[in-house]
Amino acid sequence: MSHGHSHSHAPDPGAPGDHRRVLWIAFGLTATIVVAQLVGSVLTGSLALLTDTAHAAADAAGLLVAVIAATLSLRPPTPERTWGFRRIEILAALGQATLLLAVAIYAAFEGISRLYAPPDVPGPELIVFGVIGLAANVAAILLLTRSRKDNLNLRAAFLEVVGDALGSLGVIVAGVVIWTTGFARADAIAGLAIAALIAPRAWVLMRDATSILMEFTPRGLDIEAVRTHIEGVEHVVAVHDLHASTVATGLPTLSAHVVVDDECFRDGHAAEVLANVRACVAGHFDVSILHSTFQVEPRHLSAAEPEGVRHP
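As C-alpha cells, this is what we get:
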C-alpha cells in the first residue's frame, strides 16, 4: 500500500551562485603574495615570514580548490548524482582546514626551537615584504567581503585571507621591533602568534565541514521542536524516523514518517495533512527547510511495523 510520499518542489533557494570570478582574482592576489614572501623568507631567514608564506601557500591552494569546487557545484544534477556536486564545497573546506592546521603545527614547533636560538633577521626587509603581503591581502578581503556568507567554501576563503592579512601584520610588527630594538626573538614570537591565529580558525572550519559530512542536524535547528510542531498538526498521531541534515550551504533537508488517523485515508484528509506538515516545517523555524520528504502512514499500519524497524 502506498502511504503518501511527498517532496517540496519550491524553487531551490540553495542554488549556488557563480563566484568563480571573485575566487580567481583572490587566488591571483594570494599567489602573488606567496611568490613575494617566499623570496623575502629566503633573503631574510625569518620564521614569521616563512610561516606567513606557508600560510599564504595553503590559502592559495585552498582558493584554487575553491575555484574548482565552485565550478563543479554549478553542474546540474543527473540520475547518478541527484544533488550534482553540491557537497564538493564541503570537501574543499575540509581540505583547506587540514592544510591550515598543518601549517600551524609546523610553525609552533619551529617557533619554540627558535626562541632558544634566534637567528639574525633584518628588520627593514621584513617590513617591506610584510607590507607587500598586507596590501595584497587587504585587496582580497575587500573582494570577498560581500560573498563570504554565501557558502562554506567562500567563508573558508575569506577566513584564510583575513588570517593571512593578520599574519602579514605580525611580520611587520616583528620587523619594526627587530629594527628598532634589536630583539631577535620577536621573529619567533611573531611566528608563534601567527600559528595561534591559524589553529582556531582551522579547527572551527574542520568542525563545521565534518558536521555536514556526518549529516548531523543543521546548526540552529531544534529537532525536538520540529517533532513537537509536526505532532501538533491536526490529525497527526505521531512522528518517527525523523532525520535532518545538510547537503551543502543553504540546503538543509528533512525527512520523517508521519502517522495520521486512519480516517484521513478514507475521507481524503491525508493530502491536506501532508500540506500542513510541509508548511509547518518550511515556515516555523530559524532554519528554513524547503527540501523535505514525508511518508504519511495510517495508524494501524504504523503499529504493525516489526520491532526494531522503527526509529525515534
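Sequential numbering of the sequence shown, starting at 9, is according to this note's numbering.
Beta carbons are placed, not taken as given, at the ideal position from N, Cα and C, and that holds for glycine.
Just so we're clear, the structure is a prediction, and the values are computed from it rather than from any experiment.
- The C-alpha of F224 lies about 28 Å from the C-alpha of L72.
- One thing to note: A173 has its Cβ no nearer than 8 Å to the Cβ of L150.
- Exposure of G190 is indicated by the presence of fewer than 16 other C-beta atoms within 10 angstroms of its C-beta.
- Here the alpha carbons of H292 and R235 stand approximately 12 Å from one another.
- Distance from A78 to R28 at the Cβ level is roughly 5 Å; contact confirmed, criterion being Cβ atoms closer than 8 Å.
- A residue is called buried when at least 16 other Cβ atoms come within 10 angstroms of its Cβ; T261 meets this threshold and is buried.
- Counting every other CB atom within 10 Å of its CB across the protein chains shown gives A34 a total of 16 or more, marking it as buried.
- For the set L109, P130, T86 and L152, the Cα lying nearest the Cα of A74 is the one of L152.
- Taking a C-beta distance under 8 Å as the contact criterion, Y114 and A66 do not qualify as a contact pair.
- Contact annotation: L102 and A217 have beta-carbon atoms nearer than 8 Å.
- Annotation: the continuous beta strand (DSSP E) that includes E305 extends over H299 to P306.
- G53 and R95 have their C-alpha atoms roughly 41 Å apart.
- Per DSSP, the continuous beta strand (DSSP E) segment holding H248 begins and ends at V244 to A256.
- In the three-state scheme derived from DSSP, where H, G and I count as helix and E and B as strand, P226 is classed as coil.
- According to the DSSP assignment, T52 belongs to the alpha helix (DSSP H) that extends over R28 to T52.
- Take A112, set aside five residues on each side of it, and the residues of its chain with a beta-carbon closer than 6 Å to its own are A203, I206 and A207, in chain order.
- Assigned with DSSP and collapsed to three states, S121 falls in helix.
- Secondary structure at T261: strand, using DSSP grouped into helix, strand and coil.
- Rounded to whole angstroms, the gap between the alpha carbons of D294 and A264 is 19 Å.
- Annotation: A105 to N284 spans about 41 Å, alpha carbon to alpha carbon.
- The Cβ atoms of G131 and G183 sit closer than 8 Å to each other.
- Straight across, the Cα-Cα distance linking V169 with H299 is about 33 Å.
- Cβ-Cβ separation between V245 and R307: approximately 5 Å, consistent with a contact (criterion under 8 Å).
- C-alpha of G178 to C-alpha of S253: approximately 40 Å in a straight line.
- If you draw a straight line from the Cα of E88 to the Cα of A147, it is about 41 Å long.
- Residues H243, A278 and V281 of the same chain have their beta carbon placed closer than 7 Å to that of C272, with the five preceding and five following residues left out of the count.
- As computed with DSSP, V267 is found in a beta bridge with A246 and E305.
- For T59, the CB contacts under 6 Å within the same chain, skipping 5 residues up- and downstream, are A115, G199 and I202 in chain order.
- The Cβ-Cβ distance between D195 and L31 does not fall below 8 Å.
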